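Novice: Here it is, the structure in full.
Residue numbers (this note's numbering): -10 to 467.
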C-alpha cells in the first residue's frame, strides 16, 4: 500500500477474529491469510474511531487510541459539570435492535450488552400551528400520520418504509454504497445480483434504481406545506439537510429511525463511547486521553511518527483518522493526499450547533413528560426555528442531583457568522449568544411554561465552543 493509501479517510477497518493463540502472542492476524502484526494508531475517540479501535484490538492487532480531550465521545459525548451530566451534542440514540447497527457494533467489539431502555414515542414534533405529532415506533404511527397528513402522508410513508426495509436488507448483505474502489464496485455488482435473484418486487427494483439518483423531493411534488415542513424538520436532525437536497434512498433510511426505535442510555450518550473505550482496553489496546496530535510524519523505513503536543512521539505502521478532513490536513506532512489538498480552507456548507444546557428543578417538568421534542417555528429551519430538546429520563439518577433534571437544547446554526461576530468584538459575540439563547428559551417555555423560574444552571455553546472542546475545525458538526 502506498504512503497516501495508508491514511484511512473516513473508512473503518473491520478485521475478523484471530485464533486464540494468535491473540495471545499478538504477532499476526489470520483472516484466511497470514498478516504480520501492525502497530495501528487511531486518532480521535469519537464513536467511529472507538469502534474501529475496539474491532481491531479484538482481532488481535496492536492498537493505540489517541484523544485530545479528557473524555471520549466527541460530539456524542457526555460531560460532567456541577453535579449534572449533559449530552454535549447528540441526544437521540437508535440502532440497538437485533441485527441493527449498534448490535453489529457490539458483536464486532465484544460488548456483551448495552445499558438501554426503550423510548416510545421516540419524540414529539411540535408544529407552528401548535399541533403535536408523536413519532411512535409501533403501529400507532399509521393512525397518527393519517390523522395529521391524510392520504398523501400515508402514501409517502408507505414508500419510505418499504424502501427502508429493502435498504436494510441490502446493507446487512454487506453491499458497499457508494463503492469507493474497483474492488467494491465488483462486490456491489455481485451482491446486487444475488439480491435480484431473491426476486424482490419489480416496482421495488426499479424504484431503488431511480431513487439512487434523485432527491426525496421527487416523492413530495404535490405534498402539503405541513407535510414538507414536518419531513424537513425530521430530515434536518437525521440527514442534516432538507428534501430538496437529501438523496431519496438516504432520506428513506434517515426517516426510519423512529420506527426502528430509539433508546435511552443509562448515563447519557457518552456511555456508548465509555463502553467502546473499555472494549479497546479489554482486548489489549490502549486508550490515551489528553493526547493532542501535533503532526504525523511518514518514515521511509519505519512507518509513521506521530508527534504529540505533550509526551513522547508514537510510532505506527497504520494511522486511522476519525476527524473531519480539514483537521486531518493540518496534521500531515507535504505528502498530504490529493483529496485533502483540494479542500476549501474551512467547511463551507456544513452546519454548526448552538446549544443550551439547563439544570432545572423537577417542578418544571410534568410527570410523564416525553424526553425528546422537536419544536418547529417556521423557515428557514435553523437559528432557532427548529429546536431539539432532550431531558434525562426520571429513572436515570446519574444525570443530575437529587430533585433536578438535565436538559439539552440545540438548534442548527451557520458557522461563519459566529466567527465574524467574535472577530468584531466580544460585545457583538455576546449579544448574538444572548439573542439566540432567548429565542430558544421562549420556544422551550411553549412546552414547559414554568421552566425559566426553575433554572439552577444555564450554560450555552456556540460553534466556537465546539471548536475548542471537540477540536473540530470551525466547530463543524453537521
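Beta carbons are placed, not taken as given, at the ideal position from N, Cα and C, and that holds for glycine. All values reported here derive from a predicted model rather than from experimental measurement.
Let's test the definition: count the other Cβ atoms within 10 Å of the Cβ of residue 375 and tell me whether it reaches 16, buried, or not, exposed.
Specialist: buried
Novice: With a CB to CB cut of under 7 Å and the five nearest residues on each side skipped, what residues in its chain are close to residue 155?
Specialist: 189, 193 and 197
Novice: Does DSSP put residue 10 in a helix, a strand or coil?
Specialist: Only weak support exists for where residue 10 lies, its pLDDT of 36 falling under 50; the value from the coordinates is given anyway. Residue 10 carries a helical assignment under DSSP once its states are collapsed to helix, strand and coil.
Novice: Which runs of the beta strand (DSSP E) spanning at least 3 residues fall entirely within the segment 348 to 396, listed in chain order?
Specialist: 361 to 365 and 375 to 380
Novice: Assign residue 361 to buried or exposed, taking buried as 16 or more other Cβ atoms, counted over all protein chains shown, within 10 Å of its Cβ.
Specialist: buried
Novice: Output the distance between the C-alpha atoms of residue 303 and residue 357, rounded to the nearest integer angstrom.
Specialist: 51 Å
Novice: Which of helix, strand or coil does DSSP assign to residue 264?
Specialist: helix
Novice: Could you check where the alpha helix (DSSP H) with residue 296 kicks off and where it finishes?
Specialist: No alpha helix (DSSP H) contains residue 296, which is instead part of the beta strand (DSSP E) from 292 to 297.
Novice: Does the pairing of the segment 448 to 463 with the segment 402 to 418 give three or more beta-carbon distances under 8 Å?
Specialist: yes
Novice: Report the rounded CA-to-CA distance for residue 211 versus residue 110, giving the unit in angstroms.
Specialist: 28 Å
Novice: Just mark residue 94 as buried or exposed, buried being the case when its beta carbon has 16 or more other beta carbons within 10 Å.
Specialist: buried
Novice: Going by beta carbon distance, what residues of the same chain come within less than 8 Å of residue 297, once the five residues before and after it are set aside?
Specialist: 55, 280, 281, 282, 283 and 303
Novice: Quick check on this structure: which residue in 365, 348 and 329 has the alpha carbon closest to the alpha carbon of residue 222?
Specialist: 365
Novice: Measuring only the C-alpha atoms, how far is residue 135 from residue 113?
Specialist: 16 Å
Novice: Can you check whether the CB of residue 268 is closer than 8 Å to the CB of residue 99?
Specialist: yes
Novice: Under the three-state reduction of DSSP, which class applies to residue 241: helix, strand or coil?
Specialist: helix
Novice: Out of 34, 378, 320 and 103, point me to the one whose CA is closest to residue 256's CA.
Specialist: 103
Novice: When you compare only the Cα positions, how much space is there between residue 83 and residue 247?
Specialist: 8 Å
Novice: Give the DSSP-derived three-state secondary structure of residue 104 in the structure shown.
Specialist: In this structure, residue 104 counts as coil in the three-state DSSP scheme.
Novice: Can the beta-carbon of residue 85 be found less than 8 Å from the beta-carbon of residue 53?
Specialist: no
Novice: May I ask you to list the residues that DSSP assigns as paired with residue 314?
Specialist: Residue 314 is not bridged to any residue.
Novice: Spell out a yes or no on whether the segment 151 to 165 and the segment 226 to 242 are touching, meaning 3 or more CB-CB pairs, one atom from each, closer than 8 Å.
Specialist: The segment 151 to 165, when compared against the segment 226 to 242, does touch it at the 8 Å Cβ threshold.
Novice: Report the residue from 444, 183, 205 and 391 whose alpha carbon sits nearest the alpha carbon of residue 72.
Specialist: 391
Novice: Could you give the DSSP three-state label for residue 417: helix, strand or coil?
Specialist: helix
Novice: In the DSSP assignment, find the alpha helix (DSSP H) that holds residue 146 and state where it starts and stops.
Specialist: 129 to 161
Novice: How many whole angstroms separate the CB atoms of residue 309 and residue 31, which I take to be in contact at a CB cut-off of 8 Å?
Specialist: 5 Å
Novice: Should residue 347 and residue 444 be called a contact, given that it needs their Cβ atoms to be closer than 8 Å?
Specialist: yes
Novice: Tell me residue 449's beta-bridge partners as DSSP assigns them.
Specialist: 345
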